[in-house]
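A.B. asks: Each number in my numbering corresponds to the 1-based position in the sequence shown with 80 added. Each residue gets a CB set at the ideal place from its N, CA and C atoms; glycine is no exception. Nothing here was measured: the structure is a model prediction, and the numbers come from that model.
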Amino acid sequence: MSVFFLFTSCEYQLGENFVEMENHQVDSVTTSVDFYGFIHDLENEIYVVKHSGNAVCEIYPLPGFEVEKQIIRLGELEWESDGIRCDFVLDVDRIPNGSYELSCEIFARTNSGTVAGQVGTEHYVEKRSWPLKVDARNGSDKLLPYEINEKGHPVIFWEVDESERDGFDYYTIEYSIENYTYIRRSYDFNQRSFVDEKYTGGGGTYEVYIYFKDETLRPYSLGKAILEANMSNPENTPEK
């Protein structure tokens with residue numbers, strides 16, 4: 081049997097069959113859509129972004145479906161890819177802190193055995209979305225002064241501008257060493273020092289951040305103090 085293709089607007093003609101080229105909304109064309117490079121808070125069912133970096137969206141289509149294109153959207157940012165994988169870079173400097181919808185719009189086709197399927201003209205669209213929170217912080221290269229008191233405990237000192245008082249929420253004092261971190265919070269804006277009575281003399285880094293009641297205001301580092309093991313750093317110690 082001879083087959084004739086007549087391209088008219090958005091239609092194919094096969095004998096007596098006319099098939100419109102259009103997108104159909106379906107419940108699902110995928111088994112799953114997974115994102116890599118984000119923190120996945122399973123307890124609260126939300127993605128969290130704290131740093132700029134590479135990210136990936138991987139689509140796993142149902143049998144019989146072929147992904148033609150995917151579009152990732154986050155706020156005013158958009159990335160597009162042909163196929164099941166979309167690699168992209170998320171720059172937190174281009175999007176303020178806050179809560180957003182992360183979405184993936186999937187355009188797929190199927191060869192289902194129908195006349196339309198045989199010529200690849202059955203097109204389907206699926207959109208999935210997830211809550212996402214941008215919770216980035218600004219770092220600092222500033223060194224904070226410190227001293228070791230008579231009990232051998234580090235005392236970390238910092239300063240903060242008085243203009244931050246009204247919007248202040250809390251400080252975090254974060255100690256880290258070799259893949260180990262512990263964090264303490266202080267809700268006292270007037271606090272300007274911290275004594276670590278749990279310090280065991282192993283060195284490490286203390287960094288102080290200031291947080292604000294308005295979550296769109298990005299927390300920032302007030303500086304860090306770097307301790308060597310079993311000793312203070314004379315260059316970092318304030319004069320008495």
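1) What are the uninterrupted segments assigned as beta strand (DSSP E) that are 3 or more residues long and contained completely in the segment 116–178, given in chain order?
2) Figure out for me which residue from Val214, Val147, Glu148 and Arg165 has the closest Cα to the Cα of serine 132.
3) For glutamate 230, name the three-state secondary structure that DSSP assigns.
4) Identify which residue in Trp159, Glu206, Ile164 and Asp221 has its Cα closest to the Cα of aspartate 171.
5) Nearest to glutamate 125 by alpha carbon, out of Phe168, Pro211 and Arg245?
6) With H, G and I counted as helix, E and B as strand and the rest as coil, what does DSSP make of methionine 101?
7) In the DSSP assignment, the beta strand (DSSP E) including proline 211 goes from what residue to what residue?
8) Residues in its own chain within less than 7 Å of glutamate 244 by CB, not counting five upstream and five downstream?
9) Spell out the partners DSSP gives arginine 264 in its beta bridges.
10) Using C-beta distances below 7 Å, list every residue in its chain close to glycine 284, excluding the 5 sequence neighbours before and after it, in chain order.
11) For arginine 298, which residues of its own chain have a beta-carbon under 7 Å away from its beta-carbon, when the five flanking residues on both sides are left out?
12) Once DSSP output is grouped into helix, strand and coil, what is the label at glutamate 181?
C.D. replies: The short version:
1) 119–121, 126–129, 133–141, 145–154, 157–161 and 165–170
2) Val214
3) coil
4) Trp159
5) Pro211
6) Low confidence applies to methionine 101: its pLDDT is 41, below 50, so where it sits in the model is not reliable, and the reading given next is rough at best. Three-state result, methionine 101: coil.
7) 202–214
8) Ile290
9) Ile253
10) Tyr255, Ser256, Ile257 and Leu307
11) Asn177, Ala216, Arg217 and Asn218
12) strand
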